[in-house]
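Working notes, structure below.
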Amino acid sequence: GAGVSQTPSNKVTEKGKYVELRCDPISGHTALYWYRQSLGQGPEFLIYFQGTGAADDSGLPNDRFFAVRPEGSVSTLKIQRTERGDSAVYLCASSLTELWGDEQFFGPGTRLTVL
Amino acid sequence: SQKIEQNSEALNIQEGKTATLTCNYTNYSPAYLQWYRQDPGRGPVFLLLIRENEKEKRKERLKVTFDTTLKQSLFHITASQPADSATYLCALVGNNAGNMLTFGGGTRLMVKP
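Protein sequence lines correspond, in order, to chains A and B. Going by this note's numbering, the first sequence opens with residue 85, and the numbers climb by one from there. Going by this note's numbering, the second sequence opens with residue 7, and the numbers climb by one from there.
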């Protein structure tokens, strides 16, 4: 069956530009998570959705970052006025429920490079 | 502040030996601890989950222990194979509402034939 997919796989942009990163979760998974991973480090939580609503966005670094999941499936992470420090791999994951310990299935990530 | 520490130095072992990876945490009371495997250019893949009231969990050649007094988990791969070479991440769940994961920095394992 299809896993979590993310597009694009690579994105190169210039400082100050706007970018959108897309995540297609596993069908039927109600919870969706965004993480950011810098080189040599573990993933860092950004935001998670239960259904259409953002249940916890405490990991978003600042108000340049925003994410939506309007129909409870596909999610888009939006970054305004990109900075070089935003360069990282952005990982999306989904789980069947939001219950503690429910296994998360990760996508391959989008590698964002801000020049 | 909360901290999850894994040995940042790569672990090099010989094929057939047992690999042991360590995860230590501070200022955290996790309900669950999970271990993930990550290969270069890919997302993490779930391996094992252990609950706070469990001391040990096994799955095939994998074994995880969880000591909430020491605030430590050990991850063992017995009869290691070159295909086990990857980065292994521990992740904690349960200090906040919701199922979001707090990851350690990962340890790279290299199994030599």
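Each residue gets a CB set at the ideal place from its N, CA and C atoms; glycine is no exception. Just so we're clear, the structure is a prediction, and the values are computed from it rather than from any experiment.
How would you call A:Y102, buried or exposed, if buried means at least 16 neighbouring beta carbons within 10 angstroms?
exposed
State yes or no: is the beta carbon of A:Y102 nearer than 8 Å to at least one beta carbon in chain B?
no
Could you confirm whether any beta carbon from chain A is found closer than 8 Å to the beta carbon of B:A25?
no
Could you say which of B:E21, B:F109 and B:S14 lies nearest to B:A89 if we only look at CA atoms?
B:E21
Which same chain residues end up closer than 6 Å to A:F149 when comparing Cβ atoms and leaving out the 5 residues on each side of it in sequence?
I163
Please report the distance separating the alpha-carbon of B:A92 from that of B:R114.
Straight-line spacing of the CA atoms in B:A92 and B:R114 works out to 6 Å.
What in chain B is Cβ-close to A:F207, meaning under 9 Å?
Limits of chain A in this structure are 85 at one end and 199 at the other, which puts residue 207 of chain A out of reach.
With a threshold of 8 Å between beta-carbons, can A:Q188 be considered close to chain B, or not?
yes
In whole angstroms, what is the alpha-carbon distance linking A:S157 and A:V88?
11 Å
Can you pull the chain B neighbours of A:Y117, defined as C-beta to C-beta under 7 Å?
Neighbours of A:Y117 on chain B, chain order: M106.
Tell me the rounded alpha-carbon separation between B:L27 and B:P46.
19 Å
Output yes if chain A places a C-beta closer than 8 Å to the C-beta of B:Y38; else output no.
Yes, because at least one Cβ of chain A sits closer than 8 Å to the Cβ of B:Y38.
Below 8 Å between beta carbons: does that hold for A:L123 and A:G143?
no
Distance check for B:A85 and A:K99, CA to CA, integer angstroms please.
48 Å
What residues in its chain sit with their C-beta under 6 Å from that of B:Q78, if we drop five residues either side in the sequence?
N30
Cutting at 6 Å between CB atoms, please list the residues of its own chain near A:V173, excluding the five before and the five after it.
The residues are Q121, G193 and R195.
Do we get a CB-CB distance below 8 Å when we pair A:D141 with the residues of chain B?
Not one chain B Cβ lies under 8 Å of A:D141.
By the DSSP assignment, the beta strand (DSSP E) with B:K23 in it spans what residues?
Per DSSP, B:K23 belongs to no beta strand (DSSP E) and is neither H nor E.
Determine whether the beta carbon atoms of A:W187 and A:T114 lie at a separation below 8 Å.
Here residue 187 of chain A is Glu; the residue named in the question, Trp, does not match the sequence. Against a cut-off of 8 Å, the Cβ pair of A:T114 and A:E187 comes out as no contact.
Let's see if you can read the secondary structure: which residues bound the beta strand (DSSP E) around B:E62?
Start and end: E62 to K65.
Check this for me: beta carbons of A:S159 and A:C107, under 8 Å apart or not?
yes
Any C-beta of chain B sitting closer than 8 Å to the C-beta of A:V174?
The question names Val, but residue 174 of chain A in the sequence shown is Tyr. No, no contact with chain B.
Of the choices A:L175, A:E167 and A:T97, whose alpha-carbon is the least far from that of A:Q125?
A:L175
Are B:G111 and B:S14 touching if we call contact CB-CB under 8 Å?
yes
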